[in-house]
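Numbering (the numbering used here), first residue to last: 19 to 310.
In this text, a Cβ means the ideal position worked out from N, Cα and C, and glycines have one as well.
Following: one structure in structure tokens, then a few remarks.
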């Protein structure tokens, strides 16, 4: 029974294949006005209106599906562009940060050379904390006693003097800035050697005062104030700060030409935006300056 069914299927398939080949042979062999061509045209005339109607009816559905597909593709493209933009922005920010930080570190190296501070064994440190007060009187750095940092050591920036270490732990230290009311710095005017002491003025962290001048001391706007170093012959009175470190620029002179005159000094270092500093861990030339 099974063999007969298989044979019938095979015979039917063979007949269909033969009929197809015969029809194709006749179709391609006859002229355009032949019977098979006429049948084809008749079928197309009947089916074409149905196809056109179905196409018009389904067009909104196709358009809607296409809109959803385009929207999803566009959304994916937007997400990819956002990710690319975020990556590019991160790379640009990282590059800008690196350029700015390298500029600061190069400035520190330049100050070391110009002020002959290589012998002071400078230790570079990153600022990791800052006083929230308006005076910005202290900062915290990421280097401490394990790096040779000790209390009393001077701290500089790429632009000049910043302050001195007042507390040191193994991995960090606190630096009191020159804008703090408890800090005094022995200084001199670079152009003519006029001596004085830099202290905080009442005008804010960008307005230091140079005190203890006499009426014979001439100080003009635009002059540069630097650290004086040690002016005494006694080793017991050695200055914390080596000589020649830039402090700031004279902006005006109060009561000029009198014994009460006080030059206003704007510090070179922007103490609000400190990122890197250097701690001078050894005395440079015994921190000794020259008496003017």
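Close beta carbons around residue i, own chain, < 6 Å, minus the five adjacent residues each side
{"i": "residue 149", "result": "155 and 156"}
{"i": "residue 296", "result": "126, 140, 142 and 174"}
{"i": "residue 202", "result": "215 and 217"}
{"i": "residue 300", "result": "138 and 139"}
{"i": "residue 224", "result": "284"}
{"i": "residue 264", "result": "178, 244 and 286"}
{"i": "residue 172", "result": "182, 258, 259 and 298"}
{"i": "residue 208", "result": "242 and 244"}
Contact under 8 Å by Cβ, residue i with residue j
{"i": "residue 140", "j": "residue 289", "result": "no"}
{"i": "residue 283", "j": "residue 206", "result": "no"}
{"i": "residue 242", "j": "residue 267", "result": "yes"}
{"i": "residue 358", "j": "residue 221", "result": "The question about residue 358 has no answer, for the chain in this structure spans 19 to 310."}
{"i": "residue 167", "j": "residue 182", "result": "no"}
{"i": "residue 233", "j": "residue 170", "result": "no"}
{"i": "residue 270", "j": "residue 239", "result": "yes"}
Cβ neighbour criterion (16 or more within 10 Å) applied to residue i
{"i": "residue 136", "result": "exposed"}
{"i": "residue 31", "result": "exposed"}
{"i": "residue 191", "result": "buried"}
{"i": "residue 230", "result": "exposed"}
{"i": "residue 204", "result": "buried"}
{"i": "residue 23", "result": "exposed"}
{"i": "residue 197", "result": "buried"}
{"i": "residue 308", "result": "Because the pLDDT at residue 308 is just 40, under 50, the model does not fix this residue reliably, and the point stays unresolved."}
{"i": "residue 29", "result": "exposed"}
{"i": "residue 287", "result": "buried"}
{"i": "residue 200", "result": "exposed"}
{"i": "residue 260", "result": "buried"}
{"i": "residue 33", "result": "exposed"}
Chain-order list of residues whose beta-carbon lies under 8 Å from that of residue i (same chain, five-residue window excluded)
{"i": "residue 292", "result": "145, 148, 157, 175 and 180"}
{"i": "residue 252", "result": "Since pLDDT at residue 252 reaches only 47, below the 50 mark, its modelled position is unreliable, and the value read off the structure follows with that caveat. Correct list: empty, nothing qualifies."}
Beta-bridge partners of residue i, as assigned by DSSP
{"i": "residue 229", "result": "215"}
{"i": "residue 185", "result": "192"}
{"i": "residue 159", "result": "145 and 191"}
{"i": "residue 280", "result": "272"}
{"i": "residue 179", "result": "174"}
{"i": "residue 203", "result": "216"}
{"i": "residue 264", "result": "244"}
First and last residue of the uninterrupted beta strand (DSSP E) at residue i
{"i": "residue 293", "result": "Per DSSP, residue 293 belongs to no beta strand (DSSP E) and is neither H nor E."}
{"i": "residue 209", "result": "Looking at the DSSP string, residue 209 is not in any beta strand (DSSP E), and its letter there is neither H nor E."}
{"i": "residue 245", "result": "242-245"}
{"i": "residue 174", "result": "172-174"}
Cβ neighbours of residue i in the same chain (closer than 7 Å, five flanking residues each side left out)
{"i": "residue 273", "result": "279 and 280"}
{"i": "residue 186", "result": "162, 163, 167, 168 and 169"}
Cutoff 8 Å: residue i Cβ touching any chain B Cβ
{"i": "residue 257", "result": "Annotation note: the requested chain B is absent from the structure, which comprises a single protein chain."}
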